[in-house]
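S.K.:
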Amino acid sequence: MTVETGYRILSKEFQEKIIRVIHDKSDLIVSKIRTNVMTNNAAEKWKHEDEVLPLSRLIRSGQLVESGAHMLIVGEINPGGHVEVVEHAFVMGQVKGTIHAGKNGNMKAVIIGCFQYPAQLRIASSVRTIDKEEALTIATRLSIAYLDKENNITIEALDQYADTKSIFAAEKGGR
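Here numbering that gives the first Met the number 0 is used: position 64 in the sequence shown is 63, and no number is missing along the way.
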């Protein structure tokens, strides 16, 4: 039997007392006590996972910027600049440096930005560099980089990607 406490927080001692009373007064065995209240640790973890770190700056050569969740950069990443995020990376500007989304192995992470030569894109353990020829075709548009079925980084125009797929279909919230 499971005891539902709703939105009440019960101490360990009180939980043990409830289990004893139910056991002494009936033949029922309590297997679990469940609550709708989230612990502070669980709330902190949830907040951290869904957090977006906003930055409005230029990432220069030699600089490293990191985030434990998502990152939104309004600015540029210059050659030699490094950005590393656990989840998705969004750059409203030019990406000429190194950007690593899913750095803890998240293979569903994406990178959005205007990718230019000599950008290096990393998603989980996959790496792709933007050469001069490719930069001529993609540098003028907002693009999305993601891992395909073979774990290769694929780049598409964001507007075309959004027509056929949803970036956040598997994420919490939305429809």
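Where a beta carbon is used, it is the ideal one built from N, C-alpha and C, also for glycine.
#1: Less than 8 angstroms between the CB atoms is what I'm expecting for residue 143 and residue 120, so what's the real figure, rounded?
#2: Return helix, strand or coil for residue 14, following the three-state DSSP convention.
#3: Whose C-beta lies closer than 8 angstroms to the C-beta of residue 9 among residues of the same chain, with five residues either side of it excluded?
#4: Judging by CA-CA distance, which residue of 81, 37, 159 and 90 is the nearest neighbour of residue 6?
#5: Is it right to say residue 129 is buried, meaning 16 or more other beta carbons lie within 10 angstroms of its own, or is it exposed?
#6: Kindly give me the distance between the Cβ atoms of residue 110 and residue 98, rounded to whole angstroms, as I take these residues to be in contact under 8 angstroms.
#7: Determine the direct distance from the alpha carbon of residue 1 to that of residue 78, and round the result to whole angstroms.
#8: Do you know offhand how far residue 101's Cα is from residue 52's?
#9: Output needed for residue 71: all residues of its chain with C-beta closer than 6 angstroms, excluding positions within five of it in sequence on either side, in chain order.
#10: Please tell me whether residue 123 and residue 104 are closer than 8 angstroms, where the distance is taken between their beta carbons.
#11: Between residue 60 and the rest of its own chain, which residues show a CB-CB distance below 8 angstroms, the 5 nearest in sequence each way excluded?
#12: I need the straight-line Cα distance from residue 15 to residue 42, nearest angstrom please.
#13: From the DSSP output, in three-state form, read off residue 146 for me.
#14: Measuring alpha carbon to alpha carbon, tell me which residue in 67, 58, 75 and 74 is nearest residue 84.
#15: Opposite residue 53 in the DSSP bridges: which residues?
#16: Run through DSSP, which three-state label would residue 19 get?
M.R.: Well, looking at it:
#1: With 8 angstroms as the limit, residue 143 and residue 120 do not qualify as a contact, their Cβ atoms being about 11 angstroms apart.
#2: In the structure shown, the three-state DSSP call for residue 14 is helix.
#3: The beta carbon of residue 9 lies closer than 8 angstroms to those of 17, 32 and 34 in the same chain, with the five residues before and after it left out.
#4: The candidate whose alpha carbon is nearest that of residue 6 is 37.
#5: Residue 129 counts as buried, since no fewer than 16 other beta carbons sit within 10 angstroms of its beta carbon.
#6: Residue 98 and residue 110 do touch by the CB rule: their CB atoms are close to 6 angstroms apart, below 8 angstroms.
#7: If you take the alpha carbons of residue 78 and residue 1, they lie about 57 angstroms apart.
#8: Cα-Cα distance, rounded: 15 angstroms.
#9: Counting only Cβ-Cβ distances below 6 angstroms, and skipping sequence neighbours, we find 51, 53 and 89.
#10: At a Cβ-Cβ threshold of 8 angstroms, residue 123 and residue 104 count as neighbours.
#11: Cβ neighbours of residue 60 beyond the five flanking positions: 77, 78, 79, 80 and 96.
#12: Roughly 25 angstroms separates the two Cα atoms.
#13: Strand.
#14: The residue with the shortest Cα to Cα distance from residue 84 is 67.
#15: Answer by DSSP bridge pairing, in chain order: 71.
#16: Helix, per DSSP.
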